[in-house]
Amino acid sequence: VDWSRWSVVRGTVRTASGEPAGDCAIWGEPATLPEEPLPDIAFRTGQDGSYLLPLPPATYTIKVNGLSSSCRSLGGEATGVVVTASSDITVDIIVTEDQD
Amino acid sequence: MTIVPVARLVTSSPGRTGQVKVQLVNGAVVAIPAADMNLVMRRAAAEARAAGPDGIKHGSCGSSWIYQYEKSDDHPIKIETGFKVKTAAVAYGWSYTVKGPPGWGVTFNKSGTLALRHRWSNTYNTPEDFPAGTYSAAVSSSSDALLVNGDICYSLAPTAKNDLSSPDEPVSWSLSTSSPIPVTSGPAAAGSGAGQASRSTGSVLSGFAGRAGRMAPHSVIGKDTRKRVTDTTAYPYRAIALLRVTFPHGTGSCTGFLVSASLVATAGHCLYYPPAGGRATRVQVIPGNNVKSEPYGSCLGTRAYSVKGWVSSGQEAYDYGAVKLNCDIGDTVGWFGMRYQTKSLTGTKVTITGYPGDKKPDGSMWTASGKITVSLARQLLYKISTGAGQSGSPVYNRGCTTYCALAIHAYGTNHNHPDDNAGTRITLPAFYNFDIWSS
């Protein structure tokens, strides 16, 4: 793994009403084959909804999965996130409660 | 102009320019063509040993030598020995011993004719990889060359003592056990000789069911066959744990599995992840976690273990580690055994169980089975679906009294294996490390 080519995607995850979505799983789903091995680790958002997600160069859908305070599933995503070598970017994401 | 020796390899995978990075002994990091990497690192290893002990002895009728190195796969042990005589020789008899960590060593005995040659040498690579450690080699003083004039030229018994490294050489550090648990986010011869490797290769660590009573993602290949484990208090599921890992710049989510009363095996990157700040500072281990339910509570890691091959050079094939716990929860929930074998595992049916982040509800356990599609020396490849968060999951089947882990899940598809997910295989050195870390 050539870590020098990795970049960091950071941002904040919030609900549609603007509340921070804390302790949610967040990860990058590659739309193109990553140029570097991509470990199967997920990251978690902080209580303020902020997150940091290291990724190797590729195009991703950044996905979020969590639980609301009422234990309903929360989900959201940002598509077409292009990560290039050694270039950090910011992506904020809105999550909604599942209707199940 | 002066020559500054290379100290270590910084990156082993070539970048877009086809170069890898090395660090010099003066601290500078420079890029070199990937094609020259092995040449440069061999030279660096030779330079490092130039100041080593003895190795060669000069006498009145000639000289003899013995040297030790890592093999071309970076593991111990390669041995070079031989002699040079002033008068032509017609025959020789040669023996040496090499002793390393307890249980590891080599004995060598060989004799033959020389047809008036002045020089004989032999290179021996152990067929299996030896662990890192201090190795002492000694040519026997009875080793000799029979010279054409009838004299016998005896060796002056050269010796060598070296610290040999290995990608499987353990690296460990302390973890924080203070509370509360923070949830953080990021800041803004080959073989012409008759050498004989000696090692008793125990291949199985037993599993234990515990004393508890009955209580299209990049990693999804084809149809997602994962099924939710609803009763996470059944063995072996209760011996699988959700890991919440605090790095300096973020909190990761992984899977791990008990391999003794107080040791959890996982992927190396779940403990050491450079883009998140490097070493994990805190690891919370929750066996049998089921969404918001922690049926056995949780333990904290006191010490993290991985190996140089992952921590120092980021090699996918050495991506494994373990966490020592501040509790003996394995006595309650049980643990997995481990099995190592060198023969191919292609076609072997295995199961992978863990905590994928892409499955709802968050924090639920999922399992899927399938066959090993490619069996590499240090990795097993499979088309079994996994998801982010499943790093560290056991790749296992029945055996070892209960269940045997054969690999540790670590990667989805990538350029190295575009059609398969991958786990770090339990090799003999890894098996040996887990055995030591468990004790």
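Protein sequences, first through last, are from chains A and B. One gets my numbering by counting positions in the first sequence from 1 and adding 94 to each. Numbering follows my numbering, in which position 64 of the second sequence is assigned residue number 62; successive positions increment by one, without gaps. Don't be surprised by glycine CBs; every beta carbon is placed ideally from N, CA and C.
Asked: Close Cβ partners of B:Gly355 (< 7 Å) along its chain, the five nearest in sequence each way excluded; Found: Ser251, Gly385, Ala386, Gly387
Asked: Boundaries (first-last residue) of the alpha helix (DSSP H) holding B:Trp171; Found: No alpha helix (DSSP H) holds B:Trp171; the beta strand (DSSP E) holding it covers 168 to 172.
Asked: Stretch-stretch touch, CB-based, cutoff 8 Å, three pairs: the segment 327 to 346 of chain B with the segment 306 to 313 of chain B; Found: no
Asked: Within 7 Å, strictly: CB atoms of B:Tyr133 and B:Gly98; Found: yes
Asked: For B:Arg224, three-class secondary structure by DSSP; Found: coil
Asked: First and last residue of the uninterrupted alpha helix (DSSP H) at B:Val444; Found: The structure shown does not extend to residue 444 of chain B, since chain B is modelled only from -1 to 437, so the question has no answer here.
Asked: Contact under 7 Å by Cβ, A:Ala136 with A:Ile188; Found: no
Asked: Cα-Cα separation, B:Asn120 to B:Leu379; Found: 37 Å
Asked: Min CB distance A:Pro128 to chain B below 7 Å; Found: yes
Asked: Below-7 Å beta-carbon distance, A:Val103 vs any chain B residue; Found: no
Asked: Chain A contact for B:Gly440 (CB, 7 Å cutoff); Found: Nothing can be reported for residue 440 of chain B: it is not among the residues displayed for chain B, which extend from -1 to 437.
Asked: Rounded C-alpha distance that separates B:Trp118 from B:Gly345; Found: 46 Å
Asked: Cutoff 7 Å: B:Ala386 Cβ touching any chain A Cβ; Found: yes
Asked: Beta carbon proximity, B:Asn273 to chain A, threshold 7 Å; Found: Going by the sequence as given, residue 273 of chain B is Pro instead of Asn. For B:Pro273, the answer is yes, since a Cβ of chain A falls inside 7 Å of its Cβ.
Asked: 8 Å contact criterion, which A:Val116 and A:Thr139 should meet: CB distance rounded; Found: Checking the sequence shown, residue 116 of chain A turns out to be Gly, not Val. Correct: roughly 6 Å between the Cβ atoms.
Asked: Identified DSSP bridge partners for A:Cys165; Found: A:Cys165 pairs with nothing; no bridge assigned.
Asked: Same chain only: Cβ atoms within 6 Å of B:Lys369, ignoring 5 sequence neighbours per side; Found: Gly345, Lys347
Asked: Length of the line joining the Cα atoms of B:Val146 and B:Gly60; Found: 14 Å
Asked: Exposure label - A:Glu113; buried when at least 16 CB within 10 Å; Found: exposed
Asked: The segment 294 to 303 of chain B / the segment 151 to 171 of chain A touching (three or more Cβ pairs under 8 Å); Found: no
Asked: Proximity to B:Gly390 [Cα-Cα], best of B:Asp360, B:Thr253, B:Thr425; Found: B:Thr253
Asked: Contact with chain A by B:Thr9, beta-carbon distance below 7 Å; Found: yes
Asked: Minimum Cβ-Cβ distance from A:Ser95 to chain B less than 7 Å; Found: Per the sequence presented here, residue 95 of chain A reads as Val, with Ser not at that position. It does: the Cβ of A:Val95 has a partner Cβ on chain B nearer than 7 Å.
Asked: Validate contact between the segment 159 to 177 of chain B and the segment 83 to 93 of chain B using beta carbons, cut 8 Å, 3 pairs; Found: no
Asked: Chain B contact for A:Val177 (CB, 7 Å cutoff); Found: no
Asked: Check whether B:Asp142 and B:Pro427 have beta carbons under 7 Å apart; Found: no
Asked: Assigned exposure category for B:Leu114 - 16 Cβ within 10 Å defines buried; Found: exposed
Asked: Extent of the continuous alpha helix (DSSP H) to which B:Ser436 belongs; Found: 426 to 436
Asked: Check whether A:Asp96 and B:Gly13 have beta carbons under 7 Å apart; Found: yes
Asked: Whole-number beta carbon distance between B:Gly275 and B:Phe245, since they are thought to touch under 8 Å; Found: 5 Å
Asked: Reduced DSSP category for B:Cys59 - H, G, I as helix; E, B as strand; rest coil; Found: coil
Asked: Inter-residue spacing [alpha-carbon to alpha-carbon] between B:Ser291 and B:Arg236; Found: 12 Å
Asked: The beta strand (DSSP E) enclosing B:Thr111, as first and last residue numbers; Found: 103 to 123
Asked: Within-7 Å CB hit, A:Ser111 to chain B; Found: no
Asked: Contact under 7 Å by Cβ, B:Val305 with B:Ala278; Found: no
Asked: Candidates B:Leu323, B:Ile382, B:Pro416, B:Tyr316, of which the one nearest B:Thr425 by Cα; Found: B:Tyr316
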